[in-house]
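Novice: Residue numbers (numbering that gives the first Met the number 0), protein chains in the order written: chain A, 0 to 252; chain B, 0 to 196.
Where is the CB? At the ideal position from N, CA and C, for every residue including glycine.
Only a predicted model underlies this, so the values are computations on that prediction, with no experimental measurement involved.
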Amino acid sequence: MNCSTFRETMYLREDEVSPAEWTDFQRHRITCERCAAEYRRVERALRFVDLAAAEGPLPGEPHGLGDAVVSRIVAERLPRSFSAAKPAFQALLDWLGMGWVRVSLATALVLIWGSIAAEYSSGYLRIVTLESELTNESAAGTTPDIRTFTRSDLSELSSLLPTIIPGKDAFFQVSGDWIVINKASMERFILLYNDLQALAPLLPPEFRAAHPELWKLLSQKQKTPPDMETLLRERQSIIRELNDLLPQERKTP
Amino acid sequence: MEREKPEQSTDPPQQLAAEFVGRGLGGDLPAFRTLVDTFQKYAYALAFRILGEEEESKDAVQEAFIRVWQHRGKYDSKVRFTTWLYTIVTHLCYDKLRGMRRRNTVPFGDGEASHCGDASSGDDAERLYSNKEIAALVNRLSRQLPPKQRVVFVLRDLQGLSVREVAGILRISESSVKANLVYARKFLRSKLDPILM
Numbered sequence: 000m001n002c003s004t005f006r007e008t009m010y011l012r013e014d015e016v017s018p019a020e021w022t023d024f025q026r027h028r029i030t031c032e033r034c035a036a037e038y039r040r041v042e043r044a045l046r047f048v049d050l051a052a053a054e055g056p057l058p059g060e061p062h063g064l065g066d067a068v069v070s071r072i073v074a075e076r077l078p079r080s081f082s083a084a085k086p087a088f089q090a091l092l093d094w095l096g097m098g099w100v101r102v103s104l105a106t107a108l109v110l111i112w113g114s115i116a117a118e119y120s121s122g123y124l125r126i127v128t129l130e131s132e133l134t135n136e137s138a139a140g141t142t143p144d145i146r147t148f149t150r151s152d153l154s155e156l157s158s159l160l161p162t163i164i165p166g167k168d169a170f171f172q173v174s175g176d177w178i179v180i181n182k183a184s185m186e187r188f189i190l191l192y193n194d195l196q197a198l199a200p201l202l203p204p205e206f207r208a209a210h211p212e213l214w215k216l217l218s219q220k221q222k223t224p225p226d227m228e229t230l231l232r233e234r235q236s237i238i239r240e241l242n243d244l245l246p247q248e249r250k251t252p
Numbered sequence: 000m001e002r003e004k005p006e007q008s009t010d011p012p013q014q015l016a017a018e019f020v021g022r023g024l025g026g027d028l029p030a031f032r033t034l035v036d037t038f039q040k041y042a043y044a045l046a047f048r049i050l051g052e053e054e055e056s057k058d059a060v061q062e063a064f065i066r067v068w069q070h071r072g073k074y075d076s077k078v079r080f081t082t083w084l085y086t087i088v089t090h091l092c093y094d095k096l097r098g099m100r101r102r103n104t105v106p107f108g109d110g111e112a113s114h115c116g117d118a119s120s121g122d123d124a125e126r127l128y129s130n131k132e133i134a135a136l137v138n139r140l141s142r143q144l145p146p147k148q149r150v151v152f153v154l155r156d157l158q159g160l161s162v163r164e165v166a167g168i169l170r171i172s173e174s175s176v177k178a179n180l181v182y183a184r185k186f187l188r189s190k191l192d193p194i195l196m
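1. So for isoleucine 171 (chain B), helix, strand or coil by DSSP?
2. Is proline 61 (chain A) close to chain B? Criterion is C-beta to C-beta, closer than 8 angstroms.
3. Which residue's Cα is closest to the Cα of asparagine 138 (chain B): B:Ala30, B:Gln39, B:Arg48, B:Asp36?
4. Check whether the Cβ atoms of leucine 96 (chain B) and proline 146 (chain B) sit closer than 8 angstroms, and answer yes or no.
5. For arginine 33 (chain A) and serine 3 (chain A), I'd like the C-alpha separation in whole angstroms.
6. For a test of the three-state rule: what should DSSP assign to phenylalanine 69 (chain B), helix, strand or coil?
7. Between which two residues does the alpha helix (DSSP H) harbouring cysteine 2 (chain A) extend?
8. At a Cβ threshold of 8 angstroms, is tryptophan 68 (chain B) touching chain A?
9. Is asparagine 1 (chain A) buried or exposed, if buried means 16 or more other CB atoms sit within 10 Å of its CB?
10. Taking Cβ-Cβ distances shorter than 8 angstroms, what residues in chain A pair up with arginine 184 (chain B)?
11. Apart from the five residues on each side of it in sequence, which residues of its chain come closer than 7 angstroms, Cβ to Cβ, to serine 172 (chain B)?
12. To the nearest angstrom, how far is it from the Cα of glutamate 42 (chain A) to the Cα of arginine 188 (chain B)?
13. Mind pulling the alpha helix (DSSP H) runs of 4 or more residues that sit fully within the region 135–192 of chain B?
14. Measure the C-alpha to C-alpha separation of leucine 34 (chain B) and alanine 42 (chain B) and round it to an integer number of angstroms.
15. Output needed for tryptophan 68 (chain B): all residues of its chain with C-beta closer than 8 angstroms, excluding positions within five of it in sequence on either side, in chain order.
16. Taking C-alpha atoms, which residue in B:Lys185, B:Met99, B:Phe80, B:Asn130 lies nearest to threonine 37 (chain B)?
17. Secondary structure at aspartate 36 (chain B), three-state DSSP: helix, strand or coil?
18. Please list, in chain order, all residues of the same chain as tyrosine 182 (chain B) whose beta carbon is under 6 angstroms from its beta carbon, the five residues on each side excluded.
19. Taking only beta-carbon atoms, is tyrosine 43 (chain B) less than 8 angstroms away from chain A?
20. State the Cα-Cα distance for the pair arginine 6 (chain A) and valine 176 (chain B), rounded to the nearest angstrom.
21. Report yes if the CB atom of valine 151 (chain B) is closer than 8 angstroms to the CB atom of serine 141 (chain B), and no otherwise.
22. Just verifying my parser: in three-state terms, what is the DSSP assignment at tyrosine 74 (chain B)?
23. Could you compute how far the alpha carbon of arginine 184 (chain B) sits from the alpha carbon of alanine 178 (chain B)?
24. Going by DSSP, what residue range makes up the alpha helix (DSSP H) through glutamate 37 (chain A)?
25. So is glutamate 20 (chain A) in contact with chain B if we call contact Cβ pairs under 8 angstroms?
26. Exposed or buried, which one is lysine 57 (chain B) when buried takes at least 16 other CB atoms within 10 Å?
27. Closer than 7 angstroms by beta-carbon distance: list the chain B residues that pair up with arginine 28 (chain A), in chain order.
28. Can you tell me whether glutamate 15 (chain A) is helix, strand or coil according to DSSP?
29. Considering only their Cβ atoms, is the gap separating leucine 50 (chain A) from isoleucine 194 (chain B) smaller than 8 angstroms?
30. Give a yes or no on whether the minimum CB-CB distance between isoleucine 171 (chain B) and chain A is below 8 angstroms.
31. What's the call for glycine 140 (chain A), buried or exposed, on a 16-neighbour Cβ count within 10 Å?
32. If I'm right that valine 88 (chain B) touches alanine 59 (chain B) with Cβ under 8 angstroms, what's the distance once you round it to whole angstroms?
33. Taking a contact to mean a Cβ-Cβ separation below 8 angstroms, would you say lysine 40 (chain B) touches glutamate 54 (chain A) in this structure?
34. Determine the burial state of alanine 44 (chain B): buried for a count of at least 16 other Cβ atoms within 10 Å of its Cβ, exposed for fewer.
35. Check the C-beta distance from aspartate 222 (chain B) over to arginine 40 (chain A) and give it rounded, since I have them as a contact under 8 angstroms.
36. Taking only the alpha-carbon atoms, compute the straight-line gap between arginine 12 (chain A) and aspartate 27 (chain B) and give it to the nearest angstrom.
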């Protein structure tokens, strides 16, 4: 190894060159005093670098990063139309708490009604469709896929929904006295609901104490997505069969 | 001169990591949250060493974890999670660094090391300055390096990754890693010489 090669190689550490190169390097160092002196300077500089590496660079831990990441993940799972309504939604919920807790609480309010529609409304089931939807779906030769609320549900929803989600039509469609949720919206709700339910263990005790019903809703074991799929299919079948049985004039409110 | 691993470990506890990587990347959000809490300081250390700014580093790390979540299906379990995470963090930081460079907002140090005094030898210099001061000086000097050299230097010399790992993360050859290291170390040596002489 000559001086020129040595002075390039001396910036590399032992484990960055081959054993043969390292042997050549050491041999030259022993025989060339000027190169050895240069190398000692490099060694000192690299020792400084190693001290810096051991010391670490941190000005402090990045506080709140976990909350920020989870909030963004939850928010990005919201359907596009829901996101469009987000500013007003956020403004309304500013008083409710922090970050994803806000999102989860507000969404849970909606989900209460969604759950009623999807799971607990058998007694209220009506054959209600929107005229426009009926027309479109009939023209397409398919059966409308809808969930329905009762008149009493409506009065509560009517007062609740506009304050929670200005863009409520993205999920619920209102026709006369009736609100209809279509299956696509319901599936998006379910996706969101699964996320929220997964987050439930992270809710602080104060939140659980202050919102026992919401906590119950989020923490109860709900149906898994495949079960929900089955449920939706069953409901669709029931609606189709009842639609066939009932007189045409009763199909629209 | 063999490279020693930095005393401050850049590796999170692997046992804990393994438990939550599987669940977190499987879509279990609370487990993913634990994953974020476990790995954030390591990702942040890397980002801060590259970028040198707290807010930019936090942004980069947050974005990195979002991408980990979004692309969790593509994670190859044969690769260490930290390698995958560091790859994402490094590329985000590298892009940011180039952007900052274009906008001339790279946080340069005050440049010269001369303010550190006039120690008579390297050993004296090590005794004269605390490790914190030395770390601050090296970090400040490294911020004057061109983006690629800086990233290579941080990954190899400050984070303690192997040349092969650095090459894998940056998707460049090992020769290129070594060439960048030589340039970076030459530069640092030239800046440190005044206080080490």
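Specialist: Reading from the atomic positions:
1. DSSP places isoleucine 171 (chain B) in the coil class of the three-state scheme, outside both helix and strand.
2. Chain B, which has a Cβ nearer than 8 angstroms to the Cβ of proline 61 (chain A), makes this yes.
3. Ranking the options by Cα distance to asparagine 138 (chain B), first place goes to B:Arg48.
4. Cβ atoms of leucine 96 (chain B) and proline 146 (chain B): closer than 8 angstroms.
5. If I take the Cα positions, the gap works out to 12 angstroms.
6. For clarity, residue 69 (chain B) is glutamine in the given sequence; the question names phenylalanine instead. Helix, per DSSP.
7. Looking at the DSSP string, the run of the alpha helix (DSSP H) that includes cysteine 2 (chain A) is 2–8.
8. Any Cβ of chain A closer than 8 angstroms to the Cβ of tryptophan 68 (chain B) would place that residue at the interface, and such an atom is present.
9. Of the other Cβ atoms in all chains shown, fewer than 16 fall within 10 Å of the Cβ of asparagine 1 (chain A); this residue is therefore exposed.
10. Correct list: Tyr10, Val41, Ala44, Leu45, Val48.
11. Around serine 172 (chain B): Ala166.
12. Glutamate 42 (chain A) and arginine 188 (chain B): Cα-Cα distance of roughly 9 angstroms.
13. Taken in chain order, the complete alpha helix (DSSP H) segments of 4 residues or longer contained in the region 135–192 of chain B are 146–152, 162–169.
14. Between the C-alpha atoms of leucine 34 (chain B) and alanine 42 (chain B) there is a straight-line separation of about 12 angstroms.
15. Closer than 8 angstroms at the Cβ level, and outside the excluded window around tryptophan 68 (chain B), lie Phe31.
16. If we check each option's Cα against that of threonine 37 (chain B), B:Phe80 comes out closest.
17. The answer is helix: DSSP assigns aspartate 36 (chain B) an H, G or I state.
18. Excluding sequence neighbours, tyrosine 182 (chain B) sits near Gln148.
19. Using a CB distance cut-off of 8 angstroms, tyrosine 43 (chain B) counts as an interface residue toward chain A.
20. The straight-line gap from Cα to Cα measures roughly 18 angstroms.
21. Against a cut-off of 8 angstroms, the Cβ pair of serine 141 (chain B) and valine 151 (chain B) comes out as no contact.
22. In the structure shown, tyrosine 74 (chain B) falls within a coil segment according to DSSP collapsed to helix, strand and coil.
23. The straight-line gap from Cα to Cα measures roughly 10 angstroms.
24. For glutamate 37 (chain A), the uninterrupted alpha helix (DSSP H) segment begins and ends at 32–54.
25. Not one chain B Cβ lies under 8 angstroms of glutamate 20 (chain A).
26. Taking all protein chains in view, the Cβ of lysine 57 (chain B) is crowded by 16 or more other Cβ atoms within 10 Å, so the residue is classified as buried.
27. Residues of chain B with a Cβ closer than 7 angstroms to the Cβ of arginine 28 (chain A) do not exist, since the nearest Cβ in that chain sits about 11 angstroms away.
28. Reduced to three states, the DSSP call for glutamate 15 (chain A) is helix.
29. In terms of Cβ geometry, isoleucine 194 (chain B) and leucine 50 (chain A) do not form a close pair [threshold 8 angstroms].
30. Isoleucine 171 (chain B) does not count as touching chain A.
31. Its pLDDT being 47, under 50, glycine 140 (chain A) is placed unreliably by the model, and the measurement read from it follows with that caveat. The Cβ neighbour count for glycine 140 (chain A), taken over all protein chains shown within 10 Å, is under 16; the residue is labelled exposed.
32. About 6 angstroms separates the Cβ atoms of valine 88 (chain B) and alanine 59 (chain B), confirming a contact at the 8 angstroms cut-off.
33. In this structure, glutamate 54 (chain A) does not lie closer than 8 angstroms to lysine 40 (chain B) by Cβ.
34. Under this definition alanine 44 (chain B) is a buried residue.
35. Residue coverage of chain B in this structure runs from 0 to 196, which leaves residue 222 (chain B) outside it and unanswerable.
36. Each residue's Cα considered, the two are about 43 angstroms apart.
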